[in-house]
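Scroll down for the structure; my scribbles are underneath it.
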Amino acid sequence: MLYTDLSSKADYSGNPMTFEIASRYLMADDRFDETLFNWSRPMKPSVIIGGNQNIYSELNLDYIKAHDIQIARRAGGGGAVYVDSGNLTYSFIDTDDGTNYMNFKKYATPVINVLKRLGVDAELSGRNDLTVDGKKFSGMATFKAGSRFYVGGTLMIDVDLDAAAKALNPPKSKLASKGVQSVHSRVTNLRPYFSDQYKDISIEDILGMILKEIFQVSDLADVPTYRFDSQDWDKIEAMRQKDYPGDDWIMGKELHDNYFHSNHFDNVGNVEISFSVNNGIVTHAKIFGDFNKANGNLAEIEDHITGVPFERDNLIEAFENSHLADNIGNVTPAELAELMVNPDFEDIGQNK
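Residue numbers (the UniProt record's numbering): 1 to 352.
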């Protein structure tokens with residue numbers, strides 16, 4: 001295991017996209033075949049949205065623009081998160097051995113161990129959330145390319161919760177699946193749960209504890225470390241220009257379909273379908289969601305259901321030919337057909 005130190009670039013921690021690209025760069029670099037760990041602490045408020053999410057339904061863009069909040073889109077799945085200087089973001093890069101990819105518990109455990117020593121009764125809840133007292137303080141996401149993948153999350157320590165609640169606008173189905181009415185009632189900072197002796201601990205010291213736990217050392221000087229140099233950063237910049245085309249990719253296209261239906265599926269996440277129907281035929285469909293199979297071929301599913309009669313049986317047949325397990329996850333053709341035809345799943349607040 002190796003710690004990859006990104007701090008040689010002064011502004012890396014202020015840009016969430018730089019951290020995302022650095023993790024993908026490490027995944028592809030054949031110099032490394034061991035497990036890697038890195039981290040960032042953003043200095044400027046940002047919202048990071050999942051690879052398959054719809055910015056126009058998930059975010060309060062008026063608030064974000066008015067408060068000069070950055071928007072970034074990760075390649076991996078998962079949901080939208082608000083981060084600022086009160087947040088610590090961490091990532092592991094590893095090789096799929098058949099047991100560790102999508103195994104959020106494996107990579108959450110060292111973080112949970114540290115938090116328990118700080119006095120926090122933390123646990124992994126549901127598919128990929130870390131919670132305390134029923135409230136979320138971290139969401140984890142993953143992205144795979146070839147045999148390598150990254151997996152990581154955020155730790156809300158001193159985050160501006162009011163800003164987070166105003167910037168994020170998740171679908172009603174996602175909040176309902178958590179049994180809450182708003183973002184604010186669902187999330188929490190960690191500091192209120194620290195025991196008295198750690199009430200004033202710095203984020204840097206928390207990071208130090210995490211590094212010692214991960215690498216099982218008592219002195220940070222003993223953590224095996226690779227420090228990025230100028231050549232690494234030049235390659236990361238080239239990767240950014242090639243693979244991250246800018247605002248068009250981040251923002252996506254605002255849709256004006258007839259319907260926007262959403263539902264939360266256990267162990268998969270939220271699946272949302274924006275679609276139009278004319279003369280009983282599906283004329284357009286676009287799939288969004290926070291499911292972690294971010295590199296699935298959603299266009300294949302969308303193509304199969306476009307041009308199909310808007311009837312449950314016809315939609316089931318179309319979904320049966322769409323490789324749902326590979327492209328979304330463990331959701332059935334009947335469940336997605338029901339998502340489309342049942343008006344109870346219409347998310348009026350999200351419909352554009």
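Using N, Cα and C, we set each Cβ at its ideal position, and we do this for glycine too. Just so it is clear, the structure is predicted and the values come from calculations on it, not from any experiment.
Helix, strand or coil for S276 per DSSP?
-> Assignment of S276 by DSSP, reduced to helix, strand and coil, places it in the strand class.
Mark S202 as exposed unless 16 or more other C-beta atoms lie within 10 angstroms of its C-beta, in which case mark it buried.
-> Its Cβ having fewer than 16 others within 10 Å, S202 is exposed.
What did DSSP end up calling H284 once you bin it into helix, strand or coil?
-> In the three-state DSSP reduction, H284 falls in the strand class (E or B).
Rounded C-alpha distance that separates H264 from V83 = Rounded to the nearest angstrom, the two C-alpha atoms are 24 Å apart.
Rounded to the nearest angstrom, how far is the Cβ of N278 from that of H304, given a contact under 8 Å?
-> Actually they are not in contact, since the Cβ atoms of N278 and H304 sit about 18 Å apart, beyond 8 Å.
Supposed contact pair G78 and P170 - C-beta distance, whole angstroms, cut 8 Å = The pair is not a contact, with the Cβ atoms about 12 Å apart (cut-off 8 Å).
Which value, in whole angstroms, describes the spacing of the CA atoms of L211 and D62?
-> Approximately 38 Å, taken between the alpha carbons.
From the DSSP output, in three-state form, read off H264 for me.
-> H264: strand per DSSP, three-state reduction.
Could you tell me how far apart the beta carbons of D96 and F149 are, in whole angstroms, since I believe they sit closer than 8 Å?
-> With 8 Å as the limit, D96 and F149 qualify as a contact, their Cβ atoms being about 6 Å apart.
Quick one: is Q53 buried, meaning 16 or more other Cβ sit within 10 Å of its Cβ, or exposed?
-> Label assigned to Q53: buried.
F92 and V151: beta carbons closer than 8 Å?
-> Result yes, Cβ atoms of F92 and V151 sit closer than 8 Å.
Test item: CB-CB of H261 and E346 under 8 Å | The beta carbons of H261 and E346 sit closer together than 8 Å.
Does the pairing of the stretch 123–141 with the stretch 17–25 give three or more beta-carbon distances under 8 Å?
-> Because the criterion of three Cβ pairs below 8 Å is not met, the stretch 123–141 and the stretch 17–25 do not touch.
Near N128, what residues of its chain come up, given a Cβ to Cβ distance below 6 Å and the 5 sequence neighbours on each side ignored?
-> Excluding sequence positions up to five before and after N128, its CB lies within less than 6 Å of the CB of F104 and M140, all in the same chain and listed in chain order.
CA-CA distance, K144 and N267?
-> Approximately 18 Å between the Cα atoms of the pair.
Please work out which residues of its chain come closer than 7 Å, Cβ to Cβ, to A167, disregarding the five sequence neighbours upstream and downstream, and give them in chain order.
-> Same-chain partners within the cutoff: V47, L59, N60, Y63, I64, I69 and Y82.
Report back the beta-carbon spacing between T154 and T89 to the nearest angstrom; my notes put them in contact at under 8 Å.
-> In this structure T154 is in contact with T89, their Cβ atoms being roughly 5 Å apart against a cut-off of 8 Å.
Rounded to whole angstroms, what's the CA-CA distance from E300 to I328? Just pull it up for me.
-> Straight-line Cα distance between these residues: approximately 11 Å.
Comparing alpha-carbon positions, which option in W39, L124, G51 and Q241 lies nearest N204?
-> Note on identity: in this sequence residue 204 is Glu, with Asn being the wrong assignment. Comparing Cα-Cα distances from E204 to each of W39, L124, G51 and Q241, the minimum goes to W39.
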